[in-house]
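Here the working numbering = 1-based position in the sequence shown + 2. Ideal Cβ placement from N, Cα and C applies to all residues, glycine included. Heads up: the structure comes next, in structure tokens.
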Amino acid sequence: MTDQLVSVEEHRDRILSAIEPLPAFDQPLLEAFGLTAAEEVRSAVALPGFDNSAMDGYAVVHADVASASEDNPVHLPVVGEIGAGQASLLAMSPGTAVKIMTGAPVPAGADAVVPYEWTDRGVAQVVITRSPEPGQHVRPRGEDVAEGDLLIEEGAVLGPRQIGLLAAVGRASVRSRPRPRVVILSTGSELREPGTSLGHDSVYDGNSFLLAAAARQAGAISYRVGIVSDEPRTFAAALNDQLVRADLVVTSGGVSMGDYDVVKEALAPLGTVWFGGVAMQPGKPQGFGTVGEDQIPIITLPGNPVSSYVSFEQFVLPALRRMMGRTPYLRPSADAVLTHALTSPDGRRQYARGILSVVDGRLAVTPVGPQGSHMIGDLAESDALIVVAESVTSVEAGETVTVLPLDEDF
């Protein structure tokens, strides 16, 4: 690992410049949910595709019922009935009425629908006591969507409403970028699986679950691999076994300056992975490069849970969003009033945990506990990261700081 620290932006740019969006392909609508459209979609049909009734009632010629009132009702013969999806009567003549259900096509010749509530609901003859306006209760063809209308812009995220719209215009699939497949490896001979017994010198592996869940939240498919011991050959074998199902590999631990930093020891000799320090706290030791014949990108994160999570936010999340074709790559920031003073190391950008609130109508943030990189309890309690610039060593209560809200979709 080099002694010279690089900036957060330099390391992030290193990663993003080496990663391309995943190739797009046609996917069934439900499979495309949450993905990014890789095409512009225009409608090949109109919605609705025909004039249809907005009410249960009677299709009429407006001129025949214009004078209808309680004191002067209009009597019309009922010459047919039209249900949704059961249209056999296609046209009607003046001086008649046709019983019609909501969504059913309005027959040619009719230009209004009288709701049941304005009639006696007659079968052979209907008594109409109130007149609709011309065109009232008729949904005209193309009122919602016209043929050729732009429905989905390229790059748009396909949520439930967009998927429903595509189905409504007859699209069975949409070209989109797939979810990245992310393999998560946690290293450390001291790690144990949750649910098993701990020894006097062992700890449960929380990092791989934290990172796998964060990858899923970002829209990726995450594969959590079992714990890998601090033995380079074991790590290399586990890594090679996983590359067949990986678009990206993320490791946790083993990248610092210790005697048992297995990730660095196993990958550095390849010459395809950079290891170095980034001017940030937590998260100084980082690595990035490619592995395997297919040059699969690998991002190596530090092992302390807070360091690992903050590093995920700054480096892995932007990479995943780039792979999916989603922008912006970075989580949007906001300004907030700091409620308690903070200190920060000179020359390193601090990402402190905090809790957001609203005080006197302004967004405020309260630092959460000591800012140790091992304190996952405080991390779970927080909902924002407080960003303190490299050149700032202290921030007083009442000052405005930049925050990254963690629970907001973007």
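| query | result |
| --- | --- |
| Spatially closest choice to Thr-131 from His-139, Phe-317, Thr-121, Val-125, by CA coordinates | Thr-121 |
| Distance between Ala-343 and Gly-363 (C-alpha atoms, nearest Å) | 21 Å |
| Burial state of Leu-387 (16 or more Cβ within 10 Å) | buried |
| Neighbourhood of Leu-91 by C-beta, 7 Å cutoff - its chain only, sequence neighbours within 5 removed | Gly-82, Ile-84, Val-100, Pro-109 |
| N-terminal and C-terminal residue of the beta strand (DSSP E) that Gly-82 is part of | 76-84 |
| For Thr-131, three-class secondary structure by DSSP | coil |
| Residues bridged to Val-312 [DSSP beta-bridge criterion] | For Val-312, which the question treats as bridged, DSSP gives no partner whatsoever. |
| Every unbroken alpha helix (DSSP H) inside the stretch 244-313 [4 residues or more] | 264-269, 307-313 |
| The alpha helix (DSSP H) enclosing Ser-19, as first and last residue numbers | 10-20 |
| As assigned by DSSP and simplified to three states, the class of Ala-112 | coil |
| Contacts around Ser-2, its chain only, beta-carbon distance under 6 Å, and the 5 residues preceding and following it disregarded | No information on residue 2 is available, as it lies outside the stretch 3 to 412 that the chain covers here. |
| Nearest candidate by alpha-carbon position, reference Gly-291, set Gly-51, Asp-263, Pro-304, Trp-276 | Trp-276 |
| Option in Val-280, Leu-319, Pro-372, Tyr-331 with minimal Cα separation from Gln-6 | Val-280 |
| Simplified DSSP assignment, three categories, for Pro-2 | In the structure as shown, the chain begins at 3 and stops at 412. Residue 2 is therefore absent and cannot be evaluated. |
| Helix, strand or coil at Asp-66 [DSSP, three-state] | helix |
| Where Ser-71 falls: helix, strand or coil (DSSP) | coil |
| Short Cβ contact (9 Å threshold) for Val-140 with Ala-106 | no |
| Cβ pair Ile-301, Val-293 closer than 9 Å | no |
| Option nearest Ala-96 by Cα separation, candidates Pro-79, Gln-88, Gly-87 | For the sequence presented, residue 96 should be read as Pro rather than Ala. Nearest C-alpha to Pro-96: Pro-79. |
| Start and end residues, beta strand (DSSP E) containing Ala-99 | 99-102 |
| Helix, strand or coil at Leu-193 according to DSSP, with G and I counted as helix | strand |
| Through-space distance from Leu-269 to Leu-241, alpha-carbon basis | 10 Å |
| Where His-13 falls, given that 16 or more other Cβ within 10 Å makes a residue buried | buried |
| Chain-order list of residues whose beta-carbon lies under 6 Å from that of Leu-152 (same chain, five-residue window excluded) | Arg-44 |
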